[in-house]
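J.: Before anything else, here's the structure in question.
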Amino acid sequence: NIPDNLTQVKTDLDKLSSELDVLSHKNTAPLYSLSSANTTLTKRIANIDNAEGLLAELDSLKDKLKGKIDSNSLYQNDLLEKTISLKKALETAIEEGKSQDALRLWDKILGSLKNTNGKVHKQIEQSTSEFKSKIDELRNWKIFASTEKKKELIAQIEHLEESKMHAADKARHIRKLHEQWKLLGKSHHNETLWTQFKTLSDLAYKPCKEYFKERKKAMANNLKQRREICTQLESFLEQLDLEQLQLSSLNKIEKQAQQEWKDHAPVEQNKIKLIQKRYHDILNKFRKIRKNITKQHSGMKLDLIKKAQELSESDDNKMAMDEAKKLQQQWKEIGPSNYKDDNQYWKDFRAACDKIFQKRDSQKNKTREDKQKLQLQLNTIVSSLEKFMLLDDETLRSSRDAYKDIQQSFSALLSPKSKYEHTRLLENHNELSRKIEHRFSALPSKKQLDLKRILDIKIAFCQRVETRLLACQTTDEFSVAVQEFQAGFEGMEESSSPSHNKLLAARLTQDLACSSQESLKLLSEQQSELARVLSVEMEIRASIDSPVSDQSLRMKMQLDQLKQGFGQQKPSSEANRKYAQEVALRVHCLGPIDTELHQELNNRVARAAKKLG
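Following full-length UniProt numbering from start to finish, the sequence shown increments by one per residue and tops out at 613.
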C-alpha cells in the first residue's frame with residue numbers, strides 16, 4: 001500500500017500539472033505561484049520514502065514550467081519596452097489635454113504592471129509613478145464629467161417619456177441612451193443616478209411594450225398569411241394543366257403572390273427560415289415551369305423563322321407576302337421565350353419578312369421619289385410665277401413669252417392622276433395665273449403709252465412755266481416770262497387725245513393769263529381742290545379709305561352721290577377700268593399744284609385705280 005502522504009503528493013503533482021497546462025507564458029503571477037508550489041512539492045517528495053516514481057513526473061513538470069517562465073521573461077521585457085512607448089504617449093496626451101486617451105494609456109500601463117514581477121515590475125512602477133497624481137486628477141475630473149453627462153441623459157430620457165414619437169423610434173432612442181450610460185463608467189452618486197435613470201427609462205419604455213406586443217401579433221398574422229399564400233400556390237401547381245397554361249397567367253399569379261408576400265412582412269426571425277424555404281421552393285417550381293414553356297416557344301419561333309427565310313427566296317412575291325402575313329399573326333400568338341434569345345429571334349424573323357416585302361417597298365420608294373421630284377418641280381414653277389407679281393409694268397410686258405413657257409412646262413408635268421394628287425398646289429397655280437393674266441390685260445396699250453409720253457412732255461413744260469412765273473420778282477419780269485413761254489408750247493407734238501390736249505392747253509392758257517404771282521397761287525389752290533375732289537371720288541368708287549383731312553369732303557360727296565344715283569346699276573369692271581384710267585390721266589394733267597401734294601394725290605388715284613382693276 002502507498003502511504004497516505006505519497007497519495008496526497010501524487011494528487012498535488014497532478015493538480016499542478018493540470019494548472020500549468022492551461023496557463024500561457026503571459027500569465028506572470030500564476031506562473032510564479034506555480035513555481036513556488038513546485039518548490040514546496042519538491043521538498044515534500046524528498047522527505048517521502050519510495051517516491052522515486054514521482055521524481056520523473058516532477059522533472060517533467062519542472063521542464064515545462066521552466067520553458068514557460070523563460071518565455072515569460074521575454075514577455076516581461078517586451079512589456080517593459082512597450083511601457084516606455086506608452087509612457088511617452090501618456091505624457092503627450094496629458095500635455096494636450098486628451099484625458100480619455102491619457103486614462104486609456106494609463107490602464108494599459110497598469111495592465112503591464114499586473115503582468116510583471118520582480119525587477120521589471122519595479123522599473124515600470126518607478127518610471128510611471130510620476131503620473132499617478134495627474135491620472136488621479138484626470139480620473140476625478142472624468143467622474144465629475146460622467147456625473148454631469150448622466151444628469152443630461154436623465155433629462156433626455158425624462159423628455160423622451162413625454163415625447164409623441166413613434167414607439168419603435170422611442171425604443172431605439174432609449175437603447176442608445178442606455179449604451180451611452182454604460183460608456184460613462186463610474187460617477188458621483190452612481191447608484192442614485194442609475195436608479196433615477198432606470199425608473200424614467202421604464203416609464204418611457206412602457207408604451208413601447210404595448211407597441212411591440214401589437215407588433216408581435218401582427219408578425220404572427222403575417223406568418224399565418226404567408227403560410228396561406230404558400231398553400232394556395234401549392235394548390236395551384238397541383239391543379240395546373242400544362243397543355244392549356246398561358247405564360248402570362250403564370251407570371252401574373254407569381255407577381256401577385258410576390259406582392260402579397262411583401263405586404264405581409266415582417267415575420268419573427270426565429271420563425272421565418274422555414275416559411276421562407278417553403279416559399280422559395282414553390283417559386284423554383286414556377287421558374288422551372290416557365291423555363292419549359294419558354295423553351296417550347298423558342299422551338300415554335302425557330303420554326304417560323306425557317307419558314308419566313310424559305311419564303312424570302314420565293315419568286316412568287318405576292319404569295320410570299322400573303323404567307324408572311326400569316327406567319328406574323330402566328331408569331332403574335334406565341335408567348336415570349338428566353339429574353340436574351342427572344343430579341344435575336346425577333347431580329348431574324350423580322351429580317352426575313354423585311355426581305356419578302358422589300359420588292360414592294362422598293363417600288364413604293366420609287367413612286368414616292370417620283371412624287372417628291374414632281375412636287376419640287378411644280379413648287380419651283382409656282383415660285384417663278386410668284387416673281388411675276390413683283391415685276392413693274394414695263395418688265396412684265398417684256399416677260400410675256402417667258403410666262404407662256406413656264407405655263408407650258410407646268411401643263412406638261414401634270415397628268416390627270418397627278419392633278420388629283422396636287423389639288424392644292426394646282427389651285428394656288430391657277431389663282432396666281434389669274435392674277436398675272438389680269439395684270440397683263442390691265443397693261444396700257446402702245447397708244448396709251450404714247451399718249452402718256454406726249455402728255456408728260458407737255459406737263460413738264462407747264463411745270464417749268466409755273467416754276468419760272470412763281471420765281472419772278474416784278475410785274476414786268478412776269479410779263480416777259482409769259483411772252484417767252486407762249487411760243488414754246490404751240491410747237492409741241494399733239495397727242496391722240498384731243499380732250500387731254502385741250503386740258504393741258506387750258507392749263508397753260510390759265511397760267512399765262514395770270515397777271516401776277518398772287519393770281520397764279522389762287523389758280524394753284526383751285527386746281528389742287530379739283531384734284532382732291534377727283535381723288536376722293538376715285539376712293540369712294542374703289543371702296544378704300546380717304547385721309548382724315550378729306551373725311552368731311554368725302555361724306556358730302558357720298559351724300560350727293562346717294563341723291564343723284566339712287567336706283568342706278570353698279571358700274572361694270574370694264575367701266576371702272578376705263579374710268580380709273582381717265583381720272584388718273586386727268587389728275588396727272590392738272591396744275592399748277594404743289595409738287596409734294598401733286599405726288600400724294602397721284603399716288604392715291606393710282607391706288608384706287610389698281611383696286612378698280
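Backbone N, C-alpha and C fix where the C-beta goes; we use that ideal spot for every residue, glycine too.
Please report the distance separating the alpha-carbon of E386 from that of K435.
T.: Rounded to the nearest whole angstrom, the C-alpha separation of E386 and K435 is 10 Å.
J.: Between the Cα of L612 and those of S573, Q76, A320 and R368, spot the shortest distance and give me the residue it belongs to.
T.: S573
J.: Under 8 Å: do the stretch 96-116 and the stretch 150-159 share three or more Cβ pairs, one atom per stretch?
T.: no
J.: Can you tell me whether K570 is helix, strand or coil according to DSSP?
T.: coil
J.: Is the CB-CB distance between H178 and S146 below 9 Å?
T.: Not in contact: H178 and S146 (Cβ atoms no closer than 9 Å).
J.: Considering N292, what are the terminal residues of the alpha helix (DSSP H) in which it resides?
T.: Q269 to L311
J.: Can the beta-carbon of L302 be found less than 9 Å from the beta-carbon of Y339?
T.: no
J.: Based on Cα-Cα distance, which residue from K366, K364, K326 and M300 lies nearest to P336?
T.: M300
J.: In whole angstroms, give me the CA-to-CA distance for T294 and A167.
T.: 49 Å
J.: Does the Cβ of P592 have 16 or more other Cβ atoms within 10 Å, making it buried, or fewer, making it exposed?
T.: Counting the other CB atoms within 10 Å of its CB gives P592 a total of 16 or more, which places it among the buried residues.
J.: Report yes or no: do three or more beta-carbon pairs, one from the stretch 280-297 and one from the stretch 260-271, lie closer than 8 Å?
T.: no
J.: Quick check: what's the CA-CA separation for F540 versus Q510?
T.: At residue 540 the sequence reads Ile, which differs from the Phe that was named. One C-alpha to the other measures close to 30 Å.
J.: Would you report the Cα separation of E91 and N47, rounded to the nearest angstrom?
T.: Going by the C-alpha atoms only, they are around 55 Å apart.
J.: Could you check which residue in D392, F388, L414 and K371 has the C-alpha nearest to that of A402?
T.: F388
J.: Short of 6 Å in beta carbon distance, which residues of its chain neighbour P3, apart from the five on each side in sequence? Order them along the chain.
T.: In this predicted model, P3 has a pLDDT of only 48, less than 50, meaning its place in the structure is not dependable; the value taken from the coordinates is given anyway. Same-chain partners within the cutoff: there are none.
J.: If you check the beta carbons only, do E52 and L13 fall under 9 Å apart?
T.: no
J.: Classify L13 as helix, strand or coil using the three-state DSSP reduction.
T.: helix
J.: How far does the alpha helix (DSSP H) with H178 in it reach, from first residue to last?
T.: In this chain, the alpha helix (DSSP H) harbouring H178 covers A167 to L184.
J.: Measuring only the C-alpha atoms, how far is I356 from I305?
T.: The alpha-carbon atoms of I356 and I305 are separated by roughly 13 Å.
J.: Look up M389 in the DSSP assignment and say whether it is helix, strand or coil.
T.: coil
J.: How big is the Cα-Cα spacing for H297 and M321?
T.: 24 Å
J.: In its own chain, which residues sit with a C-beta less than 6 Å from the C-beta of N1, not counting the 5 before and 5 after it?
T.: Its pLDDT being 39, under 50, N1 is placed unreliably by the model, and nothing is read from it.
J.: Buried or exposed: where does V480 fall if 16 or more other Cβ atoms within 10 Å of its Cβ makes it buried?
T.: exposed
J.: Determine the burial state of T116: buried for a count of at least 16 other Cβ atoms within 10 Å of its Cβ, exposed for fewer.
T.: buried
J.: What is the DSSP secondary structure of S497, counted as helix, strand or coil?
T.: coil
J.: Using only alpha-carbon positions, find the residue among R172, L432, E537 and I124 that is nearest to K82.
T.: I124
J.: Among H173, K325, D342 and H189, which has the Cα closest to the Cα of E148?
T.: H189
J.: Please work out which residues of its chain come closer than 6 Å, Cβ to Cβ, to K255, disregarding the five sequence neighbours upstream and downstream, and give them in chain order.
T.: none
J.: Measuring CB to CB, does L396 end up less than 9 Å from L414?
T.: no
J.: Using C-beta distances below 6 Å, list every residue in its chain close to E600, excluding the 5 sequence neighbours before and after it, in chain order.
T.: none
J.: Looking only at its chain, what residues have a beta carbon closer than 6 Å to the beta carbon of P207, apart from the 5 residues adjacent to it on each side?
T.: A167
J.: How far does the alpha helix (DSSP H) with T199 in it reach, from first residue to last?
T.: N190 to E238
J.: Does the separation of the CB atoms of R607 and H500 fall below 9 Å?
T.: no
J.: In angstroms, rounded to a whole number, what distance separates the CA positions of S535 and R424?
T.: 40 Å
J.: Provide the residue span of the alpha helix (DSSP H) that contains Q328, from first to last.
T.: N317 to E333
J.: Can you give the Cα-Cα distance for T28 and Q8, rounded to whole angstroms?
T.: 27 Å
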